[in-house]
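Protein sequence lines correspond, in order, to chains A and B. The first sequence begins at 1 in our numbering and counts up by one. The second sequence begins at 1001 in our numbering and counts up by one.
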Amino acid sequence: MIFLALLDIDALLKSIEASALATKIRDSLFLFPLIESTHVFGLALVFGTIVVIDLRLLGIASSKRPFRRVASDIFKWTWAAFALTAFTGTLMFTTNARVYYHNVFFRTKMLLLLLTGINMLVFELTAGRMIHRWDKSPSAPPVGKAVAVLSLAMWISIICMGRIIGFTTSRETLVVQPPPGINFDDFLQATPPNSGPTSTPPPLKN
Amino acid sequence: LNHFAEWLSTTFLSVYIQNHNGWVIPAIQSVHIVGIGVVLGSVFMIYFRILGWAGMDQTLRQTTTRFGPWFTGGLCLMLVTGVLMVIGEPVRELVTFSFWAKMFLIAVSTVMVIIFQTTLRKREKLWEETLINRRHIKWTATLVFLLWACIILLGRLIAYDHVWGPWSPAKKA
């Protein structure tokens, strides 16, 4: 199945878009805005709590508290908020999978997310290994500080990318031009009979 | 209000933002979101200290001293970028239900935060020893945190004001 997906990613994306869930979100006037708002709430919490940890590493704030204490207080909530953000993000992706997939800002954002993961791994393997040596000192060793600076820079970039995605994934490319000579007001004024479940993408707002 | 919004959209700064629409508005919005991250993070840390779920090695006063200035700073950043967004797109912002509901909630929660901070400063001992253990204080803190969550949701819904149906003053596209 995965091998098949690799062969024909566009077909896979198309089937994601056609799924019942994606269709339901697209057809609803409320779901997409609600999901997107929840996404912003989640990412605010992810970013806000990560800043606390990064500033502790840099020795700018909370520097009198042991690092492990600051981190253990917060990190589980960062992950919970990240789960919420990833979940709502995935839901948004399904509604217009092909457009997001081919969007350069979306791709950059995914790459940056991957890099923040690697950044965290680097921290665990370096400064994290000798944490007992600097846990109580006001700031982390140089490698820890570098990780913190990178983390802050990448998360701010992720926020910027996320916002630009909203401005660059206009669905106009998917709209089929109407044949000439059709007056759309005729459709808008009266409900056409037999109006089955049509799935037109909701207008994407910025 | 419509007239005010239309007048505002003809001012110099507004015209500048509109003309550089491609990157200025996404940039301002991104800074605004960074700001809300700082604000929500700070509210969250103080809220969890009140619940007793985080920062228990610190007193309540130490926690507010640590996060209070970041809260205020983040709020100022949001005010500046928020005003810029209103100047840049007055009609989109002002002629919505979401915007005014958001402003109302910001006013309410800011007053509650100020009351909390001044009473904590005046009666530190009472707060640290008694009030923090009171159930109604924990519920009030929960309410303030939820208010901030609603503020974020409403902020995003400015772009989707149609969700309010007849409550939305926005003209149908």
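Glycine included, each C-beta is placed from N, C-alpha and C at the ideal position. Quantities reported herein were computed from a predicted structural model and do not represent experimental measurements.
- In the structure shown, residue 60(A) falls within a coil segment according to DSSP collapsed to helix, strand and coil.
- Using a C-beta cut-off of 8 Å, the region 1035 to 1046 of chain B makes contact with the region 43 to 53 of chain A, since at least three inter-stretch Cβ pairs fall below that distance.
- Closest in alpha carbon position to residue 1045(B), among 1157(B), 1064(B), 1160(B) and 1139(B), is 1064(B).
- Residue 1016(B) sits exposed, since fewer than 16 C-beta atoms from the chains shown fall within 10 Å of its C-beta.
- Judged by their CB atoms, residue 40(A) and residue 1106(B) are not nearer to each other than the 8 Å cut-off.
- DSSP, read as helix, strand or coil, puts residue 1001(B) in coil.
- Counting only Cβ-Cβ distances below 7 Å, residue 1026(B) has contacts in chain A at 163, 164 and 167, in chain order.
- The beta carbon of residue 1037(B) sits closer than 8 Å to some beta carbon of chain A.
- A residue is called buried once 16 or more other Cβ atoms fall within 10 Å of its Cβ, and residue 155(A) is buried on that count.
- Measuring C-alpha to C-alpha distances from residue 17(A) to each of 48(A), 90(A) and 38(A) identifies 90(A) as the nearest.
- Classified as buried, residue 96(A) has 16 or more neighbouring CB atoms from the shown chains inside 10 Å of its CB.
- A distance of 8 Å or more separates the beta carbons of residue 1121(B) and residue 61(A).
- If you draw a 10 Å sphere on the C-beta of residue 160(A), you find 16 or more other C-beta atoms in it, and that means buried.
- The region 1100 to 1162 of chain B contains, as complete alpha helix (DSSP H) runs of 4+ residues, the segments 1124 to 1129 and 1135 to 1157 (chain order).
- Between the region 1148 to 1161 of chain B and the region 1088 to 1107 of chain B, the count of Cβ pairs shorter than 8 Å is three or higher; the stretches touch.
- Only those residues of the region 48 to 72 of chain A whose C-beta falls short of 7 Å from the nearest C-beta of chain B are listed: 48, 49, 51, 52, 61, 62, 65 and 69.
- Within chain B, no residue has its beta carbon less than 7 Å from that of residue 104(A); the closest one is some 14 Å off.
- Residue 1023(B) and residue 1043(B) have their alpha carbons spaced roughly 30 Å apart.
- Residue range 67 to 95 is occupied by the alpha helix (DSSP H) that includes residue 80(A).
- The DSSP assignment places no complete beta strand (DSSP E) segment of no fewer than 3 residues inside the region 1067 to 1106 of chain B.
- Contact between residue 98(A) and residue 10(A) holds: their C-beta atoms lie close to 7 Å from each other, under 8 Å.
- With contacts defined by Cβ atoms closer than 8 Å, residue 168(A) and residue 119(A) do not form a contacting pair.
- Residue contact check for residue 40(A) against chain B: a CB pair falls below 8 Å.
- For residue 1167(B), the secondary structure class from DSSP, reduced to helix, strand or coil, is helix.
- Residue 130(A) is classed as exposed because its beta carbon has fewer than 16 other beta carbons within 10 Å across all chains shown.
- Contact between residue 1149(B) and residue 1091(B) does not hold, since the beta-carbon distance rounds to 27 Å and is not under 8 Å.
- Non-local C-beta neighbours of residue 70(A) in its own chain, meaning closer than 6 Å and more than five positions away in sequence, comprise 56 and 62, ordered along the chain.
- Straight-line spacing of the CA atoms in residue 64(A) and residue 136(A) works out to 7 Å.
- Collapsing the DSSP output to three states places residue 136(A) in coil.
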